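Those protein sequence lines, which keep their order, are chains A and B.
In terms of the working numbering, the first sequence opens at residue 1 and continues consecutively.
In terms of the working numbering, the second sequence opens at residue 294 and continues consecutively.
Where is the CB? At the ideal position from N, CA and C, for every residue including glycine.
Just so you know, these numbers come straight off a predicted model, no measurement behind them.
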Amino acid sequence: MTLDALSTVLVSGIVLASVYALIASGLSLVWTTLGIFNFAHGALMTLAAYLAWTVSDAAGLGLWLGAGIAIAVAGVVAAGVLIERLIVRPFYDHRDILLITVMTTLAAMIFIEKGSQLIWGARLKQLRPVVPGQVNFLGTTISAQEALIIALAPLLLGLLFLFLRNSRIGRGIRAVGQNPNAAKLIGIDVSRLFIITFALSAALAGLTGILLGSVRMVTPAFGAEPLVKALIIVIFGGLGSLGGTIVAAYLLGLLEAFLIFFIGIYWAPSMIFVLLILILLVRPQGLLGKVVR
Amino acid sequence: MPVKLDARSLGLAALVVVGLLVPFVVQDTYVRHLFIMAFIYAVVASSWDLSLGYAGIFNFGHVAFFGIGVYATGLTAKLLGLDPWLAMMFGGVAASAAAVLVALPVVRLQGVYVVLVTFAFSQLVLQVVISQSAVTGGTQGLIRVPTIELFGYNFLRDFKFGYYYVAFGMMVVAVACLRWLARSDFGLSIMAMRDNEDYAASRGIPIALQRLKVLVFSAFFAGLAGGFFVVYLRVASPEVFSFSTTSLILSMVLVGGTSTIYGPVIAALVLTFVSEGLANFEGLAEGRFILVAVAMIVVLVFLPKGLASALPKRWGQRAAE
């Protein structure tokens, strides 16, 4: 493996990893706080990309890209809150909340995906990049947009960490995640925090969708593949810790890039899955996970 | 289990007779086609009910078993020249074999991890099918699959008269087997495992083994249905593995009511006709999936035991039996 090839593989791995980290951390946040798994998370990415496209593309309203991003993020945050209100909230006291919300959020995913297809059609769309041009990174030329993703992912995740650790709301979210009843007892407004958590997670999904929407083509199924990857990451990392999820995301992104290089783009997903089964046979709580729940 | 000739068995027998008479009344090829598709979905949905409803395994890869049946049957019949009847059986066996593979991690996992692994599994199978396009046709799909024949009888020129009976027969046999399994000692043990795993284990039920068996049995029927699906349509696409297919079948299980076997069958009939009916309107081809999604949510929020629980009480009790 030449140095050039190594650099290419590394860089593409880091791009993948950054996207995965952003998506998976949103999923993980909802999981640690509410104990549910939001399958509509990938669809929220799709929705954000389409909204941003509609507002900013010449074929749409043709406004400034910044307006598109703002409206798109606001739109998915609203969608995230609606999901929490309409299809998660009714089951908080239910014994099988996990199983039921998997089904309801799956339905929400289909709803958004097919709804996007009705509204925007099946034709490929692409967002304008936030930053145009190309950049040299570790000896490999990538688009400036990809470089932006590489830089933004740690920044956003770092902010999320700081927010969860230091702010009043962030500490509340962690408290609810550890013990909702005790949190309620000491006067934390659990219901409000659930909504904030969903809104935060949706905003993360939306931003990722917008960033990725100018690298890849936006289709109604745009969010499905990243969701599946995020799914694998949370298994690898073990749900329940944001740190574990992020480490797993970067590991998986790099691993995937190397597998694609060595065994081809077609066999890489299968290999990853086989690895996953092997890991779960030895460590049912995930590679980095602790035994929880 | 001795067959009792009470009102209930008579009612079921009457339904089977009605089912047998349908093709004589319904001459329209398209309506017969809808019945055939509904029977296929009914087998997939009711077999899913065994693992999801009775055993309480959070198995979301059931549609992958269906898809494995589709491709195993289609490929062996087309490429190896296996007799399509045998290929259909092979579809069921292949799905069961895949279930063993899935069961390796799944029997030891809990809760959300089961959901994640089974979902990831169905995506894996999809990836393999797409990547091996030289064999499977990739995203273009599998075409020109040979179809069944019986003593020289040509299934292609009778306006789907023969296919109807094959599909109906498959459904009746599958539902009878599933219902028998669910009410046997085996069925009791898996329900005990679902309701209180620790207690079930302490009474000597081997949890991992029962889970493995449930997955293998339910996968077999899904695979068999997949086999018939491809032999009947003679084409298949990776679409069978999609989230849309999963949600369509899942909505049948939920609307019909879990842990009933019959419920998903009835829901499969109703939903197939409703959603296919909608597909005929301009622009509603995608809209029907939206309808399915809304139906799922409405049922889960308002009628968690399925539509049967909305019926008058006496009916509801029967449906829940």
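{"query": "Hey, is the stretch 532-551 of chain B in contact with the stretch 341-358 of chain B, meaning 3+ C-beta pairs nearer than 8 angstroms?", "result": "yes"}
{"query": "Pop quiz: B/PHE510 and B/LEU474 are said to be a contact at Cβ under 8 angstroms. What is the actual Cβ separation, rounded to whole angstroms?", "result": "6 angstroms"}
{"query": "Going by Cα to Cα distance, which pick from B/GLN503, B/LEU435, B/LEU543, B/ASN573 is closest to B/TYR525?", "result": "B/LEU435"}
{"query": "If the cut-off is 8 angstroms on Cβ atoms, which residues from the stretch 112-133 of chain A count as contacting chain B, listed in chain order?", "result": "GLU113, LYS114, GLY115, GLN117, LEU118"}
{"query": "What are the start and end residues of the beta strand (DSSP E) that includes A/ILE142?", "result": "140-143"}
{"query": "Decide if A/LEU78 is buried, meaning its Cβ has at least 16 other Cβ atoms within 10 Å, or exposed.", "result": "Sequence check: residue 78 of chain A is Ala here, not Leu. Looking at its Cβ environment, which holds fewer than 16 other Cβ atoms inside 10 Å, A/ALA78 is exposed."}
{"query": "When DSSP labels each residue in this structure, what does B/TYR457 get in the three-state scheme?", "result": "helix"}
{"query": "At least one CB of chain A closer than 9 angstroms to the CB of B/LEU435: is that the case?", "result": "no"}
{"query": "What first and last residue would you give for the alpha helix (DSSP H) that runs through B/GLN425?", "result": "It is not in any alpha helix (DSSP H) - B/GLN425 carries neither H nor E in the DSSP assignment."}
{"query": "On the CB-based measure, 16 or more other CB atoms within 10 Å of its CB, does A/TRP120 come out buried or exposed?", "result": "buried"}
{"query": "Would you call A/ALA58 buried or exposed, if buried means 16 or more other Cβ atoms sit within 10 Å of its Cβ?", "result": "exposed"}
{"query": "Starting from the Cα of A/LYS229, find the closest Cα among A/VAL130, A/GLY243, A/LEU212, A/ALA249 and give me that residue.", "result": "A/ALA249"}
{"query": "Take A/LEU295 as the anchor and find which of A/ALA74, A/VAL218, A/VAL73, A/ALA21 has the nearest alpha-carbon.", "result": "A question about residue 295 of chain A goes unanswered here, because the residues of chain A that appear run from 1 up to 293."}
{"query": "Below 9 angstroms between beta carbons: does that hold for A/MET45 and A/GLY206?", "result": "yes"}
{"query": "May I ask you to verify whether the stretch 193-211 of chain A touches the stretch 81-96 of chain A, counting CB pairs closer than 8 angstroms and requiring at least 3?", "result": "yes"}
{"query": "In the DSSP assignment, what are the bridge partners of B/GLU442?", "result": "B/ASN447"}
{"query": "Report the CB separation of A/VAL9 from A/PHE222 in whole angstroms; it is logged as a contact under 8 angstroms.", "result": "Actually they do not touch by this definition, with Cβ atoms about 25 angstroms apart."}
{"query": "Which one or two residues does DSSP pair with B/LEU435 in a beta bridge?", "result": "B/ALA529"}
{"query": "Less than 9 angstroms between the C-beta atoms of B/PHE615 and B/LEU471, yes or no?", "result": "Absent from the model: residue 615 of chain B. The displayed extent of chain B is 294 to 614, so no value can be given."}
{"query": "For the stretch 260-275 of chain A, list every residue whose C-beta sits within 7 angstroms of some C-beta in chain B, in sequence order.", "result": "TYR266, TRP267, PRO269, SER270, PHE273"}
{"query": "Per DSSP, A/GLN134 is paired with what?", "result": "A/SER143"}
{"query": "For chain B, check one thing: does any of its Cβ atoms lie closer than 9 angstroms to the Cβ of A/GLN145?", "result": "no"}
{"query": "Taking a cut of 8 angstroms between CB atoms, which residues from the stretch 530-543 of chain B lie near chain A?", "result": "PHE536, SER537, THR539, SER540, LEU543"}
{"query": "Can you give the Cα-Cα distance for B/ALA572 and B/ARG581, rounded to whole angstroms?", "result": "7 angstroms"}
{"query": "Give the DSSP bridge partners of A/VAL218, in chain order.", "result": "A/LYS125"}
{"query": "Roughly how many angstroms lie between the CA atoms of A/GLY42 and A/PHE137, to the nearest whole one?", "result": "28 angstroms"}
{"query": "State yes or no: is the beta carbon of B/LEU508 nearer than 9 angstroms to at least one beta carbon in chain A?", "result": "no"}
{"query": "Name the residue from A/ALA202, A/SER167, A/VAL55, A/LEU231 whose alpha carbon lies nearest to the alpha carbon of A/ARG128.", "result": "A/VAL55"}
{"query": "Just verifying my parser: in three-state terms, what is the DSSP assignment at B/ILE498?", "result": "coil"}
{"query": "Tell me whether B/LEU402 sits in a helix, a strand or coil according to DSSP, three-state version.", "result": "coil"}
{"query": "If you measure between the beta carbons of A/LEU204 and A/SER7, is that distance less than 9 angstroms?", "result": "no"}
{"query": "Return the chain-ordered list of same chain residues with a C-beta closer than 6 angstroms to the C-beta of A/LEU211, the five sequence neighbours on each side being excluded.", "result": "ILE149"}
{"query": "Would you call the CB atoms of B/GLY384 and B/ILE350 closer than 9 angstroms?", "result": "no"}
{"query": "What would DSSP say about A/ARG95, mapped onto helix, strand or coil?", "result": "coil"}
{"query": "If contact is defined by three or more beta carbon pairs under 8 angstroms, each pair taking one atom from either stretch, is the stretch 351-358 of chain B in contact with the stretch 531-543 of chain B?", "result": "yes"}
{"query": "Below 9 angstroms between beta carbons: does that hold for A/ILE277 and B/PRO398?", "result": "yes"}
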